[in-house]
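Below is one structure, written out as structure tokens, with a few remarks after it.
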Amino acid sequence: MPHPDLPRIHREINDWYLSHARDLPWRRESAGAWAVMVSEFMLQQTPVVRVLPVWEAWIERWPTPAALAAEQVAEAVKAWGRLGYPRRALRLHAAATVIANEHGGQVPGTEAELLALPGIGTYTAAAIACFAFKVPTVVVDTNIRRVHARLVSGRALPEQNQNAAELALAARLLPESGPGNPEGTALANGWNIAVMELGALVCTARSPRCEDCPVIESCAWIAAGRPEPHYKPKGQPWHGTDRQVRGAMMAVLRHSAGPVDRSELLGVPDLALEGQDARPLNPAREAEPIHQAWVGLHALEAGAEQRERALDSLLADGLAQHSAAGISLPH
DNA sequence: TACACGTGGGG
DNA sequence: TCCCCAAGTGT
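Heads up, the first sequence is in the numbering used here, so the first residue is 22 and it goes up one at a time.
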């Protein structure tokens with residue numbers, strides 16, 4: 022393991038952050054812990070540009086955990102829109118309910134308490150503690166892992182699975198802090214978001230902008246001649262998968278005014294031509310989202326068996342519920 | 001541990 | 001066009 026000039030790297034990356042960081046609303050001083058928490062849920066596996074408008078609307082509508090907890094889950098799923106992974110909306114609502122009922126409506130500030138909430142894992146607990154509560158903890162996300170892999174380990178990409186060595190490295194790179202060291206504590210707290218931002222804007226997965234990097238002189242990957250990745254990332258299949266079918270069904274449910282007949286979701290075309298919601302193949306309503314959603318579902322090549330499997334998994338996950346009137350979003 | 005889980009923009 | 005991948009979590 023090389024011995025990088027840590028204080029210099031700390032200073033260079035933090036200085037870079039001060040002049041290059043994006044002005045994101047959840048980073049402002051006015052943003053409270055709830056605003057940070059909502060952003061962290063939305064940002065899981067989702068780019069900032071897609072999160073921004075949804076986050077704005079969400080915080081405006083539900084400024085506190087209690088406000089969200091008082092709503093029906095269906096409203097959260099609808100407001101989640103097309104962010105993807107709609108189970109996150111379920112878990113955010115569930116977490117807000119726990120906070121309202123067991124934390125006096127205040128987002129807890131320790132990693133252990135945060136970790137106990139639905140939808141919050143190791144990364145999100147550390148991120149909320151660090152960003153919202155100024156706890157100088159070790160935060161490890163995909164951006165930070167990639168920066169560390171290149172800067173220190175000299176590899177193009179981090180390992181496919183996060184491991185103990187990466188966590189130890191992240192801990193070693195964190196500026197020293199402590200009760201008697203307020204400056205170090207502030208430095209350590211800002212370090213996490215600075216490295217994360219560097220990974221997001223400069224040290225990107227594809228086509229990294231090394232010419233804009235503040236620590237290119239210290240980079241082990243550059244020194245090694247920018248070697249190729251030592252493995253090939255596994256693709257994420259989509260076409261023809263259950264996920265595709267679930268997504269299409271969720272789009273229908275999000276845009277439906279009420280329950281949808283189970284047989285319609287399972288793809289019986291004739292039944293989809295009647296009812297209160299927009300119908301596929303109805304030219305007068307082509308522009309409506311519900312129409313688009315139906316068309317999307319019916320366009321799939323998924324057979325009856327796959328549709329049943331997808332719908333069953335939606336019901337099992339709690340993203341949909343069954344009643345005598347049909348399938349609807351959860352209440 | 002490996003896999004399932006949405007969506008859409010950029011290279 | 002096609003493929004990659006983006007502030008992960010839960011099982």
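Don't be surprised by glycine CBs; every beta carbon is placed ideally from N, CA and C.
Suppose the cutoff is 7 Å on Cβ atoms and the five residues either side in sequence are ignored; what does the same chain contact list for residue i look like?
| i | result |
| --- | --- |
| GLU132 | ALA146, ALA147, ALA150 and THR158 |
| LEU292 | Note on LEU292: pLDDT 49, under 50, position unreliable in the model; no value is reported. |
| GLN66 | TYR106 |
| SER344 | PRO280 |
| MET217 | ASP162, ASN164 and ILE165 |
| GLY220 | ASN164, ILE165, ARG167 and VAL168 |
| ARG267 | ALA331, SER334 and LEU335 |
| ILE30 | VAL236 and SER239 |
| ALA4 | Nothing about residue 4 can be reported from this structure: the residues present for the chain run from 22 to 352 only. |
| MET22 | For MET22, the predicted structure reports a pLDDT of 48, less than 50, and the residue's modelled location is therefore unreliable. A value from the coordinates is still provided. Taken in chain order, the list of residues that qualify is empty. |
| GLY205 | PRO196, GLU197, SER198 and GLY199 |
| MET63 | VAL72, VAL75, TRP76 and LEU104 |
| GLN265 | TRP259 and LEU321 |
| GLN257 | none |
| TYR252 | GLN181 |
Leaving out five residues before and five after residue i in sequence, what residues of the same chain have Cβ atoms less than 6 Å from its Cβ?
| i | result |
| --- | --- |
| GLY175 | ALA241, TRP242 and ALA245 |
| CYS234 | VAL223 |
| LEU350 | ALA95, VAL98 and LEU274 |
In chain order, what residues of the same chain lie with their CB nearer than 8 Å to the CB of residue i, ignoring the 5 residues before and after it?
| i | result |
| --- | --- |
| PRO248 | GLY175, ARG176, ALA177 and TRP242 |
| ASP338 | ARG108 and LEU111 |
| GLU295 | Reliability of the predicted coordinates at GLU295 is poor, the pLDDT of 49 falling under 50, and no value is obtained from them. |
| GLU6 | As displayed, the chain neither begins before 22 nor continues past 352, which places residue 6 out of reach and without an answer. |
| LYS255 | GLN181 |
| GLY142 | LEU136 |
Just list the residues that DSSP pairs residue i with in beta bridges.
| i | result |
| --- | --- |
| ILE348 | VAL281 and HIS343 |
| GLY14 | For residue 14 there is no data in the structure shown, the boundaries of the chain being 22 and 352. |
Could you round the C-beta distance between residue i and residue j to whole angstroms and report it? I think they count as a contact, below 8 Å.
| i | j | result |
| --- | --- | --- |
| VAL161 | TYR144 | 7 Å |
| PHE154 | GLY130 | 4 Å |
| GLY288 | HIS319 | 7 Å |
| PRO139 | ALA116 | 5 Å |
| ALA354 | ALA52 | Given that the chain is displayed from residue 22 to residue 352, the structure contains no residue 354 and the question cannot be resolved. |
| ALA54 | ALA90 | 15 Å between Cβ atoms; not a contact. |
| ALA1 | GLY201 | The question about residue 1 has no answer, for the chain in this structure spans 22 to 352. |
| ALA314 | ILE34 | Actually they are not in contact, since the Cβ atoms of ALA314 and ILE34 sit about 45 Å apart, beyond 8 Å. |
| GLU93 | HIS352 | Here the sequence assigns Gln to residue 93, which means Glu is not the residue at that position. Contact flag correct, Cβ pair sits at about 5 Å. |
Contiguous alpha helix (DSSP H) assignments of at least 4 residues, all confined to the segment 300 to 325: 310 to 320
Stretch pair the segment 53 to 62 + the segment 78 to 91: three plus CB contacts closer than 8 Å: yes
Inter-stretch contact at 8 Å, needing at least 3 Cβ pairs: the segment 265 to 278 / the segment 191 to 204: no
Within the segment 127 to 184, note down every full alpha helix (DSSP H) run reaching 4 residues or more, in order along the chain. 132 to 136, 143 to 154 and 163 to 172
At which residue ranges does the segment 27 to 63 contain complete alpha helix (DSSP H) runs of 4 or more residues, listed in the order of the chain? 27 to 41
Are the segment 34 to 53 and the segment 109 to 126 touching, with three or more C-beta to C-beta distances below 8 Å? no
Quick one: any contact between the segment 62 to 79 and the segment 315 to 334, if contact means 3 or more CB pairs under 8 Å? no
Inside the segment 67 to 122 only - alpha helix (DSSP H) runs reaching at least 4 residues: 69 to 82, 86 to 90 and 94 to 101
Pick out the complete alpha helix (DSSP H) segments inside the segment 223 to 285, 4 residues or longer, and give them in chain order. 241 to 244 and 263 to 276
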